[in-house]
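Data first, discussion second: the structure below is written as structure tokens.
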Amino acid sequence: MTGLRFDPSLPWPVVAVIAALALLAAAWALWRGLPGWSLRGLAGLAAAAALAAPVLERGVRHGLSDIVILLDDRSASQSLPGRDAQTDAAMDQITGQLAALAGVELRRVTVADDPDGTLIGTALTRALAAEPEARVAGIVAVTDGQAHDAAMVPANAPAPVHVLLTGQPTDWDRRLVIDEAPAFGLIDTPAVIRLRIEDQGAVPPEMVGRPATLRVRVEGEDEQVIALPPGIPLDLPVSITHAGQNVVSIRLDPPEAGAPQLTEQNDAAAVQIEGVRDRLRVLLVSGEPHAGERTWRNLLKSDANVDLIHFTILRPPDKMDGVPVDEVALIAFPTQELFEQRINDFDLIIFDRYRVRGILPRDYFDNIRRYVQEGGALLVSAGPEMASVESLNLSPIGDILPARPTGRVVQEAFTPQLTADGHRHPVTSGLPGAPAEQGGEPGWGRWLQRQDIIPDPDAQVVMTAEGDAPLLVLDREGEGRVALLASDQVWLWGRGFEGGGPQLELLRRIAHWSMKEPELEEEALLAQTGRDLSVTVTRRTMQDEAGPVTVTAPDGSTAELPLEPQEPGRFTGHWQAPAPGLYTLQHGDLTRLMALGPAAPREFEQTVASGEALAPLAEATGGAVLHLSDGVPDVRTARPGRSAHGWGVGGEWIAITPREAAQVSGLSRRPLLPDWAWLALIAGLALAGWLLEGGRIRSWKR
Amino acid sequence: MIRLGLLLLALLMPPPVAAQEGPDPRLAAAARQVALAYVLTGDAEVDETSRQGLDGLSLGLTMRTTVEPGAPVGIDLDRDDVSMLTFLYWPVTAAQPAPSPSAYVRLNHFLRSGGMILFDTRDGDIAGAGTPGGRADLQRLAAPLDIPPLEPVPEDHVLTRSFYLLQDFPGRWRGNPLWAEAATSTEGLPVAGFRRLNDGVSPVLIGANDWAEAWAIDDRGLPTHQVGSGLDGEHQRELALRFGINLVMYVLTGNYKSDQVHVPALLDRLGRDRGYPGLGEWP
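Quick mapping for you: the protein sequence lines, in order, are chains A and B.
Going by the numbering used here, the letters in the first sequence line up with residues 11 to 712, in that order.
Going by the numbering used here, the letters in the second sequence line up with residues 3 to 285, in that order.
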């Protein structure tokens, strides 16, 4: 860092002219034969040199330490048994050896868990970007090599990259792989989950090809056990039983023989399938055209998801008008088709002011009763015929109707009211215009007529006329549901009489409740999961109280979550899950599986240590991929470009390459000669030339 | 002066809210029994004919169909609450004063929420002669209503097959078009949204065939007006009654009959979806 610079005070051409004049004068003196010609020329040249002002420039340098990046993988997969201690030991030993080397600075980078897995490549890139390239002397990564961002691993590095892999050569693992799982499934049709079992690492000979035991549990159903050999894909049909979230939990039994596998964390998976209904098939049977019939049609026809099959008895069998058949647009009611052959295809059967007129034989009513008991839905909207001898209650389905008529038709105007049950029941709670609490006056118009009924003791009365007379009764019958509305006046709400009321919403909820829409279940345990593993648990119930919910964590530990009342029949609680996994919520006899976070943590997809992701980088930089199970290598220094690993007396060694980087911290400039020395030199030379020519001193030639 | 003050006071007082008093028993009975209703025009003869006409239609319905309406009710549009009604027959007369603005508000709500009005200009005998006749009065009375674009009832309209098969809709007169909401008004934004709101049922029907006179019967059940002449006339009266029955069926069941065209296909689909082997049961 020392150099000669010129700092001329006159422009360079002037200096050159002076130098040329000096040389010309010397040449003329030589031609004249003067003996001091050389001294004269030198004096002129010295004058030119003095004008060019040569200076000495000198830099101030400091040597810099070498940086070694020590990457420490502490992701969840590194917590497998033994690996933690192995990592600690290796880190300690290498840190100690590096500290003993002079001029080495350590940069420790710890890679923790990320939702996307272990991001070693990103960590490496960042660490390298943070350090001056010229000082990086080596990179040592202690990891299981499972980088989930292989694309982010840099292609090259300024110094050798050494990868020290944790784990044992005997490590092996059997895991469950979900290749394909549908997010949605149609109810009552099987959804197919494609899965397989994968063996990794050094599979013990007794386990090679040996089938694993797979336990599959769909929410609320019994466990299925399947034996599946590794490597063979299985299409697992799962029946979707209800709308909303269906959680399928799949679990492998631990291997029966051989060395234990690395982890069981990748042996289970929870698949969530959103159950959606196929088109709803609704059979609407109107006993006679009446003002409220179009209300049902408006409701059912406005829903694009409903296939409505509607029949109205336009002419009873006992009325004849003598009009020729070809002038009448009536068709026969395909009763056999509807009530015998295809009854089970319907999701809901609605009897709207239906009068038993002998059109349907008793057998068909028996079929309807069986249909309901086997899980169907029946909704009866009754008019005055309910109080007559043609009442549906006198047919075989009278057994399953949730109330029986007293025979009285009450022709008084009344405002429908919600009962205490009605305030809690999802069918009626929070209806637009409903009073906020029991006893409040609803802002609805009145109805003008109702049938007096006596509800069954086990049925739920959710709406009444004034004075506790039941109006809307809901009941369960076998597997199915029955709803009875003891008035045909709901259309007055739609017409806006006295302000009207929420007629479409009420009818929609009744219909969907009877079809077991999960949103309208009275007893429900709902869990809404947030992004950050937070859970809002909602318990809907017809009871006054709701005790705490028991939460069972994946490791079997349980916690109690108390619930706060929100509104009648609704209790909620907030809970923060400690870690992702499959949790079970339990409240009374309601259980709900809840999968938080990814179906199977990414960390545990690949557990057997492998240098595959980092080997290209190690190779490109002259580093090594070593197994810690063979011992922790020694650390040496090597010149850049020389091999950075090898075998020594004490075993394997890895090397860092000291970079001898330095920093220039200052710059000083000094004239080559002080001004007086120049003067003395020029004057001395000129004087010597003059003396020589004057003969005062003798030329050395002589 | 005191009387004037009292009158002013009475005018300023808010009208008694029906909810506190109980609905008009006449209208409440009509709501329970699906009674047919007619607009009182102030012309006693026309009002009586309307009553007799709807009486005749009600009798026809009771005799031939499952609909058994109660006694017809006359409606004073300025006073009565139409929200309890389903169907309103409105004979158009020249002398009839237009209802109050608040009555029109109620009527518009009635139309929007699924009610139906049949306007009858009753001038089918002379309408072809190019006279403005009832048309001007109709315009005067119906202009404040939210009436969608209309078109003559097409041949495939559900009115032609809601009970009987009909090609024409005669009353006392015949051969005049019956106007209903245009099917094309579903394209783009429906003017008042009736089709979407109410299953595509037209909120108004407008004709000139003087149906009430054709339906009208006296207390003994005998027709009060002559229709046409001889057997042809009686046949026309029968067709008028059939139209009335179709009309009430249309009012009450909406497009039910036009849906039935699709029922075999729907049932077919049920079978196919569930994997039934044979679909041949339905012709």
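Quick reminder that beta carbons are idealized off the backbone N, C-alpha and C, glycines included.
Tell me whether residue i sits in a helix, a strand or coil according to DSSP, three-state version.
i, result
"PRO23/A", "helix"
"ALA267/A", "coil"
"TRP454/A", "coil"
"SER89/A", "helix"
"THR12/A", "strand"
"THR223/A", "strand"
"ILE369/A", "coil"
"ARG1/B", "Nothing in the structure corresponds to residue 1/B, since chain B is present only between 3 and 285."
"HIS637/A", "strand"
"GLU422/A", "coil"
"THR97/A", "helix"
"MET525/A", "coil"
"PHE196/B", "Per-residue confidence for PHE196/B stands at a pLDDT of 43, beneath the threshold of 50, marking its modelled position as unreliable; no derived number is given."
"GLU216/A", "helix"
"TYR91/B", "strand"
"TRP175/B", "coil"
"SER48/A", "helix"
"GLY132/B", "Its pLDDT being 49, under 50, GLY132/B is placed unreliably in this model, and the coordinates cannot settle the point."
"ASP444/A", "Before going further, note that residue 444/A is Ala rather than Asp in the sequence given. Residue state, collapsed to three classes: coil."
"PHE343/A", "coil"
"TYR364/A", "coil"
"ALA479/A", "coil"
"PRO406/A", "helix"
"GLY699/A", "helix"
"GLU400/A", "coil"
"GLY432/A", "helix"
With a Cβ-Cβ cutoff of 7 Å, do residue i and residue j count as a contact?
i, j, result
"PRO168/A", "GLU143/A", "yes"
"VAL265/B", "ILE369/A", "no"
"LEU207/B", "LEU120/B", "yes"
"LEU481/A", "ALA496/A", "yes"
"VAL483/A", "ASP431/A", "no"
"PRO156/B", "TRP181/B", "no"
"GLY5/A", "ALA654/A", "Given a span of 11 to 712 for chain A in the structure shown, any question on residue 5/A remains unanswerable."
"LEU348/A", "ALA387/A", "no"
"VAL228/A", "VAL248/A", "yes"
"ASP76/A", "VAL114/A", "yes"
"MET251/B", "PHE165/B", "yes"
"ALA279/A", "ILE260/A", "yes"
"GLY504/A", "THR305/A", "yes"
"ILE197/A", "ARG287/A", "yes"
"ALA446/A", "ARG460/A", "no"
"ASP127/B", "TRP175/B", "yes"
Rounded to whole angstroms, how far is the Cβ of residue i from the Cβ of residue j, which I believe are closer than 8 Å?
i, j, result
"SER391/A", "VAL366/A", "SER391/A to VAL366/A, Cβ: 15 Å. No contact."
"LEU116/A", "THR105/A", "6 Å"
"LYS329/A", "THR67/B", "7 Å"
"LEU38/B", "PRO74/B", "5 Å"
"GLY579/A", "THR551/A", "6 Å"
"PRO436/A", "ALA444/A", "Actually they are not in contact, since the Cβ atoms of PRO436/A and ALA444/A sit about 12 Å apart, beyond 8 Å."
"ALA587/A", "VAL545/A", "6 Å"
List the residues of chain D that residue i touches, going by C-beta distances under 9 Å, in chain order.
i, result
"PRO146/B", "The question asks about chain D, but that chain is absent: this structure's protein chains are A and B."
Can we count residue i as close to the ligand NAP, meaning its CB is less than 6 Å from some heavy atom?
i, result
"GLN383/A", "In the structure shown, the ligand NAP is absent, as is every other ligand, since no ligand is present at all."
If we require 3 or more residues per run, which beta strand (DSSP E) segments fall completely within the region 121-206 of chain A?
The DSSP assignment places complete beta strand (DSSP E) segments of no fewer than 3 residues inside the region 121-206 of chain A at 146-153, 171-175, 182-190 and 194-196, in order along the chain.
- request: Could you name each continuous beta strand (DSSP E) segment of 3 residues or more that falls completely within the region 20-82 of chain B, going from the start of the chain to the end?
  value: You should have 39-41 and 75-77.
Handout entry: Residues, ordered as in the chain, of the region 332-361 of chain A that lie near chain B by beta-carbon distance below 9 Å
Key = Within the region 332-361 of chain A, contact with chain B at the beta-carbon level (separation under 9 Å) is assigned to VAL333, ASP336, GLU337, VAL338, ALA339, LEU340, ILE341, PRO344, GLN346, GLU347, LEU348, GLN351, ARG352, ASN354, ASP355 and PHE356.
If contact means a Cβ-Cβ distance below 7 Å, which residues of the region 604-623 of chain A contact chain B? Residues of the region 604-623 of chain A with a Cβ closer than 7 Å to any Cβ of chain B: none.
Any residues in the region 312-332 of chain A with a beta carbon nearer than 9 Å to a beta carbon of chain B? Which ones, in chain order? Per Cβ criterion, the list reads SER312, ASP317, LEU318, ILE319, HIS320, PHE321, THR322, ILE323, LEU324, ARG325, PRO326, LYS329, MET330 and ASP331.
Could you run through the region 453-477 of chain A and flag, in chain order, every residue whose CB is less than 8 Å away from some CB of chain B?
Identification of residues in the region 453-477 of chain A having a C-beta nearer than 8 Å to some C-beta of chain B yields GLY455, ARG456, LEU458 and GLN459, given in sequence order.
| task | Entirely within the region 568-653 of chain A and at least 4 residues each: give me those alpha helix (DSSP H) ranges in chain order. | result | DSSP runs (the alpha helix (DSSP H)) wholly in the region 568-653 of chain A: 625-630.
Practice item. Mind listing, in chain order, the continuous alpha helix (DSSP H) runs of no fewer than 4 residues lying wholly within the region 212-244 of chain B? Key: Here the runs fully enclosed are 213-217.
Contact residues within the region 405-431 of chain A, judged by C-beta distance below 7 Å to chain B: Cβ contacts with chain B: GLN421 and ALA423.
Using a Cβ-Cβ cutoff of 7 Å, what residues of the region 495-515 of chain A are near chain B? List them in chain order.
Within the region 495-515 of chain A, contact with chain B at the beta-carbon level (separation under 7 Å) is assigned to LEU502, GLY504, ARG505, GLY506, PHE507 and GLU508.
- prompt: Mind pulling the beta strand (DSSP E) runs of 3 or more residues that sit fully within the region 484-551 of chain A?
  reply: For the region 484-551 of chain A, whole beta strand (DSSP E) runs of length 3 or above, ordered along the chain, are 490-495, 534-539 and 544-550.
Short-range partners of chain A found in the region 241-263 of chain B, where Cβ spacing is below 7 Å
Of all residues in the region 241-263 of chain B, only MET251, LEU254, THR255, GLY256, TYR258, LYS259, ASP261 and GLN262 place a beta-carbon less than 7 Å from a beta-carbon of chain A.
Task: Contact set between the region 237-257 of chain A and chain B, restricted to residues whose Cβ is under 7 Å from the partner - done: So the list is empty, because no residue satisfies the distance condition.
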